[in-house]
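K.L.:
Here it is, the structure, as structure tokens.
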Amino acid sequence: MAVGCFSAGSVWSPRRCLPSASYKPPLLSEQQPAQAHHLPRLAQIAKKAEVSPRGSGFLAGYTMAFVLLVRGFKGGILAHSRQDRRLSVRRSQDEAEKAEGTAATGASVPTRMQLLKFAAPLAAVSVTGPILSTIDTSFVGRCAGTVELAALGPACTVTDLIYLICSTVSTAAINLYAKSAQDEHKLRRFNATCLSVAFFVGVIAAVVSLTCGEQLLRALGAMPVMMGVARKYVVVRALGLPLASMACAMYGLCVGRGDTQTPLAVQVYLSALLNVCFDWLLCAILPWGAAGAAWATVAAQATSFCAYFLLMRRKGQLPLPSAEEFLPDFAEMKPVFAIFLPVSFIVVCVLSMYACMSGFVNNTQPLPMIAAYKIWITVFAFFALCADPMAAATSTKLPPFILEGSSQKSRLFVRRAITCAAGVGAMGGLLGAAVLNFAPGVFTQDATVMEGARNGLFHFVAILCFMHPTRVCQNSLVVHGDLVFYVIAQTCLSLLFFAGLTLLAGRCVAGSISAYRSMLTATLIFYMASLKTYGFRVRYLNRRVRIKD
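Using this note's numbering, read the sequence shown as starting at 260 and increasing by one per residue.
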């Protein structure tokens with residue numbers, strides 16, 4: 260049965276829909292009145308279609324293309340207008356934030372991009388130690404063996420702990436430089452005081468490493484098979500601590516006067532490059548193993564000190580008194596020690612936690628897993644210390660708003676700093692997890708160790724996301740002068756962490772991977788509790804700033 264222009268078993272073609280030659284339209288009287296006025300136009304279309312059967316298809320195609328073109332053009336205009344509206348709303352929000360961060364004095368709160376630009380050069384000294392340890396770990400793991408790589412775990416924990424205590428001299432130099440820069444004589448005395456205190460601290464640290472190094476290694480759970488290698492590494496690294504401490508003091512003097520390019524060139528480019536060359540010479544060419552890596556680090560630190568001294572003296576940034584008047588008295592050293600000692604205590608609390616983690620792994624895990632944890636913690640330490648530049652930016656930028664008595668500015672700055680720190684922590688966590696997952700072969704050739712280094716990637720990212728904002732809150736407490744709460748809170752949190760790990764070590768099965776992951780979970784809970792504690796305290800202190808308004 261035919262339906263319209265189609266019939267059963269037929270194939271559609273344009274000519275089947277056209278009027279045949281014998282077709283005669285009905286008379287006008289036979290049409291409905293409502294359809295009569297369409298007949299002339301239909302006759303014209305039929306006549307054109309009879310002459311050019313494909314014309315109707317072309318006409319429909321052109322019409323459709325024109326309609327689509329018009330609609331696409333209109334849609335593009337509408338999308339562009341919506342984007343313009345979004346940009347205008349975003350600009351208005353930015354202007355509102357700028358207006359919010361500007362007070363009667365005209366001082367504005369730094370934007371997030373400004374904070375990141377300020378903190379970027381300050382990462383030089385923060386990542387120097389992890390860079391050197393990472394290079395040592397890579398060369399020892401590929402050129403020496405699993406035993407020496409595992410020995411670097413407790414050995415580097417001891418040396419990094421002592422080195423970071425020495426590096427806190429730079430904190431005192433940064434905070435006290437502005438008070439001494441106004442007078443040339445005071446500046447000379449201050450430079451001499453900082454260098455003298457740094458040398459004194461470095462000598463004390465070297466003596467502690469030489470006399471108590473073996474006891475510290477045993478406390479961290481170093482096995483007898485690795486004790487000889489670890490002991491030799493600690494002894495060699497101790498010889499470079501005085502020069503390394505003085506280099507940290509000169510870094511603080513550079514940052515105090517606003518020079519961030521000299522530390523960037525010396526601490527990162529020169530020191531890391533020399534360490535690579537010395538590691539290649541002493542580990543790959545000369546089979547000195549872990550001891551060769553230690554000598555390479557000491558040589559790089561000594562070169563950094565010489566480069567600092569020469570560059571700063573050439574630029575006129577390090578005026579010093581004569582040799583007869585160089586040594587400071589107790590009154591001149593007291594302000595430096597007043598900052599150095601509390602900050603050192605906090606550093607000891609934090610790094611003791613990592614030492615406890617290393618001891619837990621050494622006591623509960625097999626040798627390949629100990630070596631894998633050394634790789635894990637080396638990569639983690641690199642990205643963890645990247646939180647220090649943002650913390651230093653907090654110490655530098657927040658005090659003017661507190662002295663001004665602006666609670667609104669203080670809250671806005673801390674909010675922006677915490678946001679930047681969280682972003683940096685997340686980015687560092689993802690990069691570090693990618694290194695551990697896809698490139699553990701950079702550190703070792705043992706397949707078992709590489710597989711062990713891939714454990715705990717989620718904890719790696721999550722811990723860094725919480726730790727970086729925690730550092731901002733901690734430095735905010737220092738800026739507010741709330742050191743008593745800071746010390747008490749850090750001590751209590753550290754004791755709770757130690758108690759939790761001790762309880763966990765007694766219940767877990769030795770050698771199980773679940774014990775290793777439980778330790779990382781305890782560390783994550785520690786940083787979550789720290790961020791909550793310090794965050795509430797900083798919020799309370801920022802609200803109290805209103806009293807000064």
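From the three backbone atoms N, C-alpha and C, an ideal C-beta is built for every residue, glycine too.
Just so it is clear, the structure is predicted and the values come from calculations on it, not from any experiment.
Leaving out five residues on either side along the sequence, give the residues of the same chain with a beta carbon under 7 Å from the beta carbon of Val484.
P.N.:
Once the five neighbours on either side are set aside, the close Cβ partners of Val484 are Val406.
K.L.:
Spatial neighbours of Leu381 within its chain, please: C-beta separation below 6 Å, excluding the five flanking residues on both sides.
P.N.:
Within the same chain, Leu381 has close Cβ partners Pro648, Ala651.
K.L.:
Does the separation of the CB atoms of Arg490 and Ala553 fall below 8 Å?
P.N.:
Contact: no.
K.L.:
Lys593 to Leu454, Cα distance in whole Å?
P.N.:
If you take the alpha carbons of Lys593 and Leu454, they lie about 14 Å apart.
K.L.:
Within 10 Å of its beta-carbon, does His444 have 16 or more other beta-carbons around it, so buried, or fewer, so exposed?
P.N.:
Exposed, by the Cβ-count rule.
K.L.:
When you compare only the Cα positions, how much space is there between Tyr492 and Pro659?
P.N.:
Distance between the alpha carbons of Tyr492 and Pro659 is about 45 Å.
K.L.:
CB-CB under 6 Å to Thr655, same chain, minus the five flanking residues each way: which ones, in chain order?
P.N.:
Excluding sequence neighbours, Thr655 sits near nothing in its chain.
K.L.:
Taking 6 Å as the limit between beta carbons, can you name the residues of its chain near Ser426, skipping five residues before and five after?
P.N.:
So the qualifying residues of the chain are Cys507.
K.L.:
Please report the Cβ distance between Val720 and Leu689, rounded to the nearest whole angstrom; I am assuming they are in contact, meaning their Cβ atoms lie under 8 Å.
P.N.:
About 6 Å; that satisfies the 8 Å criterion.
K.L.:
Any idea what DSSP makes of Ser581, helix, strand or coil?
P.N.:
The answer is coil: DSSP assigns Ser581 none of H, G, I, E or B.
K.L.:
Where does the unbroken alpha helix (DSSP H) through Ser455 begin, and where does it stop?
P.N.:
Residues 443 to 478.
K.L.:
What's the gap between the Cα of Leu723 and the Cα of Ala693?
P.N.:
One C-alpha to the other measures close to 14 Å.
K.L.:
What residue from Val620, Val683, Thr623, Ser665 has the CA that sits closest to Phe641's CA?
P.N.:
Nearest C-alpha to Phe641: Val683.
K.L.:
Inspect the beta-carbon positions of Phe398 and Cys608 and report whether they are closer than 8 Å.
P.N.:
No, the pair does not count as a contact, with Cβ atoms beyond the cut-off.
K.L.:
What do you get for Gly472, buried or exposed, if any count of 16 or more other CB atoms within 10 angstroms of its CB means buried?
P.N.:
Gly472 should be labelled buried.
K.L.:
Quick check on Ser773: does DSSP put it in helix, strand or coil?
P.N.:
In the structure shown, Ser773 sits in a helix (DSSP, three-state: H, G or I).
K.L.:
What residue range is occupied by the uninterrupted alpha helix (DSSP H) comprising Asp647?
P.N.:
Looking at the DSSP string, the run of the alpha helix (DSSP H) that includes Asp647 is 646 to 656.
K.L.:
Nearest to Arg675 by alpha carbon, out of Leu657, Asp419, Gly687, Val428?
P.N.:
The option with the nearest alpha carbon to Arg675 is Leu657.
K.L.:
Below 8 Å on the Cβ atoms is my guess for Ser468 versus Ile421; work out the distance and round it to an integer in Å.
P.N.:
That pair is a contact at about 6 Å.
K.L.:
Lys376: buried (16+ other C-beta within 10 angstroms of its C-beta) or exposed?
P.N.:
That one is exposed.
K.L.:
Go through its chain and collect everything with a Cβ distance to Leu626's Cβ below 7 Å, but skip five positions before and after it.
P.N.:
Hits under 7 Å: Thr405, Ala409.
K.L.:
Quick check: the stretch 512 to 526 against the stretch 579 to 586, are there 3 or more CB pairs under 8 Å?
P.N.:
Short answer: they don't touch.
K.L.:
Between Tyr745 and the rest of its own chain, which residues show a CB-CB distance below 6 Å, the 5 nearest in sequence each way excluded?
P.N.:
Taken in chain order, the residues that qualify are Leu736.
K.L.:
How far does the alpha helix (DSSP H) with Ile722 in it extend, from its first residue to its last?
P.N.:
Note, Ile722: alpha helix (DSSP H), 716 to 739.
K.L.:
Would you say Gly684 reaches chain B, if we count a Cβ-Cβ gap shorter than 8 Å as a contact?
P.N.:
Chain labels in this structure do not include chain B; a single protein chain is all it has.
K.L.:
Using the three-state DSSP reduction, which class does Asp705 fall into: helix, strand or coil?
P.N.:
Looking at Asp705 - three-state DSSP - the assignment turns out to be coil, as it is neither helix nor strand.
K.L.:
Considering just the uninterrupted stretch of the alpha helix (DSSP H) at Leu762, what are its terminal residues?
P.N.:
Taken as a continuous stretch (DSSP letters only), the alpha helix (DSSP H) holding Leu762 covers 742 to 766.
K.L.:
Output the boundary residues of the alpha helix (DSSP H) element that contains Asp419.
P.N.:
From DSSP, the alpha helix (DSSP H) with Asp419 extends over 405 to 426.
K.L.:
For Phe643, which of Val708, Leu577, His727 has the nearest alpha-carbon?
P.N.:
Reading off the sequence shown, one finds Ala at residue 643, where the question assumed Phe. Among Val708, Leu577, His727, the Cα nearest to that of Ala643 is on His727.
K.L.:
Determine the DSSP secondary structure at Tyr799, reduced to helix, strand or coil.
P.N.:
In the structure shown, Tyr799 sits in a helix (DSSP, three-state: H, G or I).
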